[in-house]
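>
In structure tokens:
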């Protein structure tokens, strides 16, 4: 089954304790991205990756890191989480859309990770 | 400020009523997409509109892309309780077509 898998689904952690949220897709998609969803703000892009070893900042990258060592995996790293990073996080992947565009095709989302930083 | 502004933010209507959701920007988009999200799930794509002025229909849902490619609308005819959910517009601006933006969403509740 084609899917994007995020882990964990729920996480409660303390301020400053490094954590990693994993994301894996089995559709051979080039484009992967991370979003956070907060009430009234919709989804905001944190980082995106157009292919292996190619990553770039989205709209709200502060306090986050990513890596893309393999095409299928795109982990999100919070080196020193703070309470303002409490949010619902989504990973998504999309195939290449041609003519230099990676985002005009359907984005497939994971089930989300609800993170609470206390 | 959001690059994509959606209105209304909330909509509560009776079954059978029609409704329109708007998605506006000052930027030109290469395409705009509409997603629907259920509680506890990730968004799921409904449609992509690519050409200025384009109209796409998906059963009772009609999507329109503005002529200038800065806005889009979603019209639902004879809404049903199964249409309840969060509707999100999304897209990449023409001057940075690999960076993706979402609107703040419209939470629709259709009462039986």
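Protein chains in written order, with our numbering: chain A, 1 to 118; chain B, 1001 to 1112. For glycine and all other residues, C-beta sits at the position ideal for the given N, C-alpha and C. No experiment lies behind these values; they were computed from the predicted model shown.
(1) Starting from residue 1037 (chain B), follow the beta strand (DSSP E) in both directions and report where the run begins and ends.
(2) Between residue 1027 (chain B) and residue 1069 (chain B), what straight-line distance do the alpha-carbon atoms span, to the nearest angstrom?
(3) Please confirm whether residue 1034 (chain B) and residue 1063 (chain B) have their CB atoms less than 7 Å apart.
(4) In whole angstroms, give me the CA-to-CA distance for residue 1107 (chain B) and residue 25 (chain A).
(5) When the distance is taken between beta carbons, is residue 35 (chain A) closer than 7 Å to residue 90 (chain A)?
(6) Going straight from the alpha carbon of residue 75 (chain A) to that of residue 1078 (chain B), what length do you get?
(7) Please list, in chain order, the chain B residues whose beta carbon lies closer than 7 Å to that of residue 106 (chain A).
(8) Taking the CB atoms as reference points, tell me whether residue 1047 (chain B) and residue 1036 (chain B) lie closer together than 7 Å.
(9) Tell me the DSSP secondary structure of residue 39 (chain A) in three-state form.
(10) Say whether chain B places a C-beta atom closer than 7 Å to the C-beta of residue 16 (chain A).
(11) Going straight from the alpha carbon of residue 1117 (chain B) to that of residue 116 (chain A), what length do you get?
(12) Are the Cβ atoms of residue 1025 (chain B) and residue 1109 (chain B) separated by less than 7 Å?
(13) Which chain A residues sit within Cβ distance under 7 Å of residue 1104 (chain B)?
(14) Which residues, taken in chain order from the stretch 1036-1065 of chain B, show a beta carbon closer than 8 Å to some beta carbon of chain A?
(15) Could you tell me which of B:1075, B:1029, B:1067, B:1051 sits nearest to residue 1057 (chain B), measuring between CA atoms?
(16) Compute the Euclidean distance between the alpha carbons of residue 1054 (chain B) and residue 1089 (chain B), then round it to the nearest angstrom.
So, from the data block:
(1) 1029-1037
(2) In this structure, the straight-line span from the alpha carbon of residue 1027 (chain B) to that of residue 1069 (chain B) is close to 8 Å.
(3) yes
(4) 29 Å
(5) yes
(6) If you take the alpha carbons of residue 75 (chain A) and residue 1078 (chain B), they lie about 42 Å apart.
(7) 1045
(8) In this structure, residue 1036 (chain B) does not lie closer than 7 Å to residue 1047 (chain B) by Cβ.
(9) Reduced to three states, the DSSP call for residue 39 (chain A) is coil.
(10) no
(11) Outside the modelled stretch of chain B, which goes from 1001 to 1112, sits residue 1117 (chain B), for which no answer is possible.
(12) no
(13) Here the neighbours are 40, 41, 42.
(14) Within the stretch 1036-1065 of chain B, the residues whose Cβ lies closer than 8 Å to some Cβ of chain A are 1040, 1041, 1042, 1043, 1044, 1045, 1048, 1050, listed in chain order.
(15) B:1075
(16) 15 Å
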